[in-house]
Each structure stands twice: as structure tokens, then as C-alpha cells.
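Here the structure is laid out as C-alpha cells; the discussion comes afterwards.
Number of protein chains: 2
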Amino acid sequence: MTMFDKIALIGIGLIGSSIARAARRNGLAGSIAVGDASEAHCQKALALGICDSASMQVSQAVKDADLVVLCVPASANAEVAERMAAHLKPGAIISDVGSVKQSVIRDVGPLLPEGVHFVPGHPIAGTEFSGPEAGFADLFQGRWCILTPPTGTDEAATAKVKAFWESMGSMIEIMEPGHHDMVLAITSHLPHLIAYTIVGTAGNLEESLKGEVIRYSASGFRDFTRIAASDPIMWRDVFLNNRDAVLEMLQRFTEDLTALQRAIRWGEGQVLEDLFTRTRAIRKGIIDAKQDS
Amino acid sequence: MTMFDKIALIGIGLIGSSIARAARRNGLAGSIAVGDASEAHCQKALALGICDSASMQVSQAVKDADLVVLCVPASANAEVAERMAAHLKPGAIISDVGSVKQSVIRDVGPLLPEGVHFVPGHPIAGTEFSGPEAGFADLFQGRWCILTPPTGTDEAATAKVKAFWESMGSMIEIMEPGHHDMVLAITSHLPHLIAYTIVGTAGNLEESLKGEVIRYSASGFRDFTRIAASDPIMWRDVFLNNRDAVLEMLQRFTEDLTALQRAIRWGEGQVLEDLFTRTRAIRKGIIDAKQDS
Numbered sequence: 040m041t042m043f044d045k046i047a048l049i050g051i052g053l054i055g056s057s058i059a060r061a062a063r064r065n066g067l068a069g070s071i072a073v074g075d076a077s078e079a080h081c082q083k084a085l086a087l088g089i090c091d092s093a094s095m096q097v098s099q100a101v102k103d104a105d106l107v108v109l110c111v112p113a114s115a116n117a118e119v120a121e122r123m124a125a126h127l128k129p130g131a132i133i134s135d136v137g138s139v140k141q142s143v144i145r146d147v148g149p150l151l152p153e154g155v156h157f158v159p160g161h162p163i164a165g166t167e168f169s170g171p172e173a174g175f176a177d178l179f180q181g182r183w184c185i186l187t188p189p190t191g192t193d194e195a196a197t198a199k200v201k202a203f204w205e206s207m208g209s210m211i212e213i214m215e216p217g218h219h220d221m222v223l224a225i226t227s228h229l230p231h232l233i234a235y236t237i238v239g240t241a242g243n244l245e246e247s248l249k250g251e252v253i254r255y256s257a258s259g260f261r262d263f264t265r266i267a268a269s270d271p272i273m274w275r276d277v278f279l280n281n282r283d284a285v286l287e288m289l290q291r292f293t294e295d296l297t298a299l300q301r302a303i304r305w306g307e308g309q310v311l312e313d314l315f316t317r318t319r320a321i322r323k324g325i326i327d328a329k330q331d332s
Numbered sequence: 040m041t042m043f044d045k046i047a048l049i050g051i052g053l054i055g056s057s058i059a060r061a062a063r064r065n066g067l068a069g070s071i072a073v074g075d076a077s078e079a080h081c082q083k084a085l086a087l088g089i090c091d092s093a094s095m096q097v098s099q100a101v102k103d104a105d106l107v108v109l110c111v112p113a114s115a116n117a118e119v120a121e122r123m124a125a126h127l128k129p130g131a132i133i134s135d136v137g138s139v140k141q142s143v144i145r146d147v148g149p150l151l152p153e154g155v156h157f158v159p160g161h162p163i164a165g166t167e168f169s170g171p172e173a174g175f176a177d178l179f180q181g182r183w184c185i186l187t188p189p190t191g192t193d194e195a196a197t198a199k200v201k202a203f204w205e206s207m208g209s210m211i212e213i214m215e216p217g218h219h220d221m222v223l224a225i226t227s228h229l230p231h232l233i234a235y236t237i238v239g240t241a242g243n244l245e246e247s248l249k250g251e252v253i254r255y256s257a258s259g260f261r262d263f264t265r266i267a268a269s270d271p272i273m274w275r276d277v278f279l280n281n282r283d284a285v286l287e288m289l290q291r292f293t294e295d296l297t298a299l300q301r302a303i304r305w306g307e308g309q310v311l312e313d314l315f316t317r318t319r320a321i322r323k324g325i326i327d328a329k330q331d332s
């Protein structure tokens, strides 16, 4: 069922192009406009048939749109907001898909004109691939999408964004932005940082070892390389924009790792066994919560 | 084709029971005997029909065996070797499947009688599940198996172990034991240690955050929980037995992580972007090497 006469997706990478596909398949939008600074991305999106129009001018893409979703790296939010602000339709809803919510509220909120509604969002979904070709309509199926409307946000606007994501298969949670950023720091940002680090550490090895790291990656390492293949710009921006929460979680992690290092050095097997038994139970919680199989 | 009249598998967990299934399916053994300290494991193995006999007495299991494969946690190797030594058939080949090779050579080698051949091995394959039910015949298909025969090992014995693993679908590499332990420290042992740590760090969070960690685990964390669900005893023994190599790699990792922490604190985006771009290339190497898809 058509929920918006026109939606505009600013940034047509993995997430933007997945929204386009899901919205089109489910008939959620009368028309879909794409705005993307890359001409190649615009042409690709048109060629894929996932949008009705595509423009390098964000002002053009957002014209008459009832819903505008920012799907760009966090560092681009402010510039996009500045360029589109004067061209937004009165009553339009603005949302986004970024992994950090306090910074987008800080960067975008003050630039929006009176009479439009800002409902920040974050779909917990993705892959390690990037670009318009990487998207697929089922990406959000059965996955959480967290909305973090600032205090005072129009409730009808929040309800519309909620219904939009539910129509793409997501389950919705409303959360305070600062709490969101702390939860994601431990569930997402720190795991990515650690994966990037260990893959980098392996990449710095002596040549005699490096080839073997790839060859024997099935022993555990390759799970980290998949995570560490995620979009470099997007992730640079996540760490720069969620600095305090990431540094807090990183500090806790480092303390725990140092304690394990000490247990290994001194041969304290019971310390290792106790932790390894406890972590198995957490995995069971995830299976029980149907977040993996 | 039958390669051994009788093989004995000591320890019938994930790896032992996978060998039993693969050997049986491919007719590699005239008969398969299981030795396992757990009565429940022995009964389970018999009930599953993956062996011809099962005993809690290792001396019984190895009797007349042409190939004995130790599939127990590293800390149990010495005791098993002591119990079986006097009962080994002259000319028998002894092998193992452990993740650390210098320690099994140190612990088992001196206990074996003259006239038997010791060819340590390590199949790079596994899952996070444990026990006789967890095994499957295809576990080794397309995966590497590293053999680390000590200097002076009978070449015919090494060739037989190589052919045995090849018949179960593995690709073989012969490696010096110390080199093996260093390669696995970075490709396997450190990734497991880090996964255990971060899952433990999350488990220590305030109650208000803990439930959400499970709920939003799809954002990266759940890949770590799968790794951190691996067998606690086996992994405790890996870290205790490959201490020096693990501590060396852990030190390198910590230095790299500290450098990233500093870059985040000081907002050095280029440092982050450079690393994240480099790690993407390493992932590509793994795909190209067909170690993941």
C-alpha cells in the first residue's frame, strides 16, 4: 500500500538501494527519487530500475518528497542538510539510517526548517558489501530498526516512519539517542574496531607468515576479515562520531583482555575455563532470541 | 578403499566423531574403535553407529590398531599416551588433531615405545558445537590439514597419514611444528581469545544494557559469540600450551589497538580510513584463495 506519494533517498549505497528495492517491491511509495553525489551511482540506480529519478543535486531529489531518508556517511549529513533545507516540502518527514544517533541530531537537527519532522532511525542490518548493486529487498526482513526521535517530535511522523520500516519487514524499537549510541558501541562499533585491528595486525606480519594467514583463515580469522571488509568511510565516521561511547567500551575490553593475558602468562587455567564457559551461555541467549541460528 | 585394518579414535567429540563418520563413509578402515573417558560418549558413539566398538579403557581401544588418532584436549595427551603406550601394536601410526603442535610432541613423543610412528596433525576445521552428535562426515571437505612430523619421522608413515586425510577431502601441508604454532596463534588462537574477551566484556555490562546486547547482536557482535561458544576445555588448553606464540601476537594486537584508540581520541580520520581500506584488501585475498565465499 502506498504510504508516501514520493520518497527521496539521499545516498544510494547498500542501505539506500535496499530501501529503494524494498519500498518498490512493497509499493510503499508513489515514486522514488535518488540523490547521490556520485554520477556513477545515479546512473547505476537508474539502470537497476530501483528508482524513478536520480540527481546529483540533493535539492532536486528532495523536491516534493514526503519522506527523505539520509543514507550517507555521518560526515556528510550536515552538508546534505544544508543543501536540502530550503527545498523541503512543508510537513515532510526527514529520517536517516546512521549507526550513531546523537551526532546526526546535533548535525542535522538545527539546519532543518520549521514545519518538517525529524525522526532519526537505524536499521540493524547490513553486509560487508557497498554500492547500489549491493542492496537487496530482504535486507531488513526480521531485523530490528531503532528510532530515536528527539523529545517533542511529532508523534504522527514517528508513527509513519515506524509503519514504513515495518512494511519492509523490520521490528521497531524506540530509544533515547544516547542510550542507542552506548548499546551500539558494544554490539557493533567495538566488534568492528577489533576486527579491523586484528586483520591489520595480521597484514603487518613478516612476509613468510602473511600468505599462510590467508591460507589457514578458516581457523577463526576469516570471520573477522568479513567484518573488516565493511565500508571504510562509513566506519571511519562511526568512530569519529561516537567517540566517547566507543572509548568507554574499548577501555573495558582492554582491561578484560589484559586480565586474560595475565592468566595465560601465569598458567591460570581456571580463569580461562570460567570465562569460556560463561560466554557459551551468552551465545545461547542469542540463539534463543532468534538473532542467529 | 580400506587404508587401515583398524583405526582407534581416542576422544569422540566433534573432531573424533567427524573422522569416524568420514572414515566409515569412505571405507577407509576395516574397523573403528573408540576410546573415551566418558561412558556417555562411548554409548552415544555406539548408538550413532559411527564405530564398531567403544571403551573407556584406552588400552582396549588401541589394541591391534594400525592408526591411533588422539582427539582429546591438549591437557589429556600425556595421560592418554602413558596409558596406551604398552598396548600399541608394533609399527602402529600415532597421530592427533590438536591446535598446538610443539606441546603434543613434547608431551606424547617421549612416552611412545620404539617401533611406532608419531605423525602429529591438525585439521583446520571445526564448528562451535561439541560432542559425538556434533560431528559430520563433510567437516574436512576442502579444508587444510597440517602435518608436523618431527625430524626423522618415517616417511612411509607420514605418507599414510597424508593419504588418510586426503581421502576425507582435506588438502595437506607439511610444516615445522614451531612455525605451525606461530601461524595458528594469529589465524586462530588470537581471534578466539579476542572473541571470548569481548563477549565476556558484554556479559559484564549493567543489566540495563545486557539484554539489548543480545537483541541487537546482528550488528556485528553475534559473529563473535559464535566463535566464543567453542569448547571451553579445548580452548583453555590451547592457550596454556601455545603460551609464547599467543602472548607475542597479543602484544602486537594490543599495540595496534592502542594506536587506533589514540586516533579515535584525537579525531585522526585518515589513520582509520587507511587501515579500514587495507583490511578490505586482505578479505579479498581470502575470497581469491577460496577460503570463504
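Protein chains in written order, with the working numbering: chain A, 40 to 332; chain B, 40 to 332. Just so it is clear, CB atoms sit at the ideal spot from N, CA and C, and this is done for glycine as well. Quick caveat: nothing in here was measured; it's all calculated off a predicted structure.
Rounded to a whole number of angstroms, what is the C-alpha to C-alpha distance between residue i and residue j?
i	j	result
Ser-77/B	Val-97/B	11 Å
Ala-284/B	Glu-251/A	15 Å
Glu-117/A	Gly-242/A	First, the amino acid is wrong: residue 117/A is Ala here, not Glu. One C-alpha to the other measures close to 35 Å.
Phe-43/B	Thr-192/B	19 Å
Asp-135/B	Phe-157/B	9 Å
Val-143/A	Pro-159/A	8 Å
Ile-253/B	Met-210/A	15 Å
Asp-177/A	Ser-57/A	8 Å
Glu-312/B	Ser-114/A	13 Å
Phe-203/B	Leu-67/B	7 Å
Met-123/B	Thr-190/B	23 Å
Lys-201/B	Gly-170/A	44 Å
Gly-74/A	Ala-84/A	10 Å
Arg-261/B	Leu-248/B	16 Å
Gln-99/B	Gly-130/B	17 Å
Ile-237/A	Ile-225/A	17 Å
Ile-54/A	Glu-153/A	28 Å
Lys-140/A	Glu-172/A	26 Å
Arg-282/A	Arg-304/B	7 Å
Asn-280/A	Ala-320/B	25 Å
Could you tell me which chain A residues have their CB closer than 8 Å to the CB of residue i, listed as they occur along the chain?
i	result
Thr-226/B	Ala-241, Glu-251, Val-252, Tyr-255, Ser-256, Ser-258, Gly-259, Phe-260
Asp-331/B	Ser-256, Ala-257, Arg-261, Thr-264, Arg-265
Phe-292/B	Thr-236, Ile-237, Thr-240
Ile-213/B	Residues of chain A passing the Cβ test: none, with the nearest at roughly 13 Å.
Starting from residue i, find everything on chain B with Cβ-Cβ shorter than 7 Å and list it in chain order.
i	result
Glu-312/A	Pro-271, Ile-272, Arg-275
Ala-328/A	Ile-253, Arg-254
Ile-325/A	Ile-253, Ser-256, Arg-261, Thr-264
Phe-315/A	Tyr-235, Pro-271, Trp-274, Arg-275
With respect to the beta strand (DSSP E) encompassing residue i, which residues constitute its N-terminal and C-terminal limits?
i	result
Val-107/A	106-109
Ile-46/A	43-49
Gly-69/B	68-74
Glu-212/A	210-213
Ala-267/B	Segment: none, Ala-267/B is in no beta strand (DSSP E) and carries neither H nor E.
Pro-162/B	160-162
Let me make sure I understand the geometry here. Which of the options has the alpha-carbon closest to that of residue i?
i	options	result
Gln-180/A	Ala-62/A, Glu-172/A, Leu-127/A	Ala-62/A
Asp-270/A	Gly-259/A, Pro-129/A, Gly-137/A, Gln-300/A	Gly-137/A
Met-207/B	Asn-65/B, Arg-282/B, Arg-261/B	Asn-65/B
Leu-186/B	Ala-173/B, Ala-298/B, Pro-162/B, Ser-247/B	Pro-162/B
Pro-230/B	Leu-248/A, Thr-264/A, Arg-145/A	Thr-264/A
Val-111/B	Gly-308/B, Ala-120/B, Ala-79/B	Ala-120/B
Ala-125/A	Lys-140/A, Lys-102/A, His-218/A	Lys-102/A
Arg-145/A	Ser-169/A, Gly-217/A, Met-40/A, Met-288/A	Gly-217/A
Gln-95/B	Ala-86/B, Gln-82/B, Val-107/B, Leu-150/B	Rather than Gln, the amino acid found at residue 95/B in this sequence is Met. Cα-wise, what sits closest to Met-95/B is Gln-82/B.
Ala-302/B	Glu-307/A, Leu-289/A, Leu-296/A	Leu-289/A
Gln-309/A	Leu-109/B, Lys-45/B, Arg-275/B, Ile-133/B	Arg-275/B
Arg-291/B	Arg-60/B, Lys-199/B, Met-221/B	Met-221/B
Just curious, the alpha helix (DSSP H) that residue i is in, first and last residue?
i	result
Lys-128/A	No alpha helix (DSSP H) holds Lys-128/A; DSSP gives it neither H nor E.
Ile-321/A	308-327
Leu-186/B	From DSSP, Leu-186/B is part of no alpha helix (DSSP H) but of the beta strand (DSSP E) over 183-186.
Ser-333/B	This structure cannot speak to residue 333/B, because chain B is shown only from 40 to 332.
Ala-284/A	282-304
In chain B, which residues lie with their C-beta within 9 Å of the C-beta of residue i?
i	result
Gly-306/A	Leu-279, Arg-282
Ala-76/A	What Ala-76/A touches in chain B: nothing, since even the nearest Cβ is about 17 Å away.
Run through chain B and tell me which residues come within less than 8 Å of residue i, C-beta to C-beta.
i	result
Met-207/A	Per Cβ cutoff of 8 Å: no residues; Met-207/A is ~15 Å from chain B at best.
Ala-164/A	Ala-257
Note down, in chain order, every chain A residue with its Cβ under 7 Å from the Cβ of residue i.
i	result
Asp-295/B	Thr-236, Gly-239, Thr-240
Leu-53/B	Those within 7 Å of Leu-53/B in chain A number zero; the least Cβ separation is about 14 Å.
Along chain A, which residues have their Cβ under 9 Å away from the Cβ of residue i?
i	result
Leu-178/B	Ordered by position in chain A, no residue passes the 9 Å Cβ test against Leu-178/B, which lies about 11 Å from the chain.
Val-111/B	Under the 9 Å cutoff, chain A gives no residues; its nearest Cβ is about 15 Å from Val-111/B.
Along the segment 180-192 of chain A, what residues have a CB closer than 8 Å to any CB found in chain B? Arg-182, Trp-183, Ile-185
Using Cβ-Cβ distances below 7 Å, what residues of the segment 123-150 of chain B are close to chain A? none
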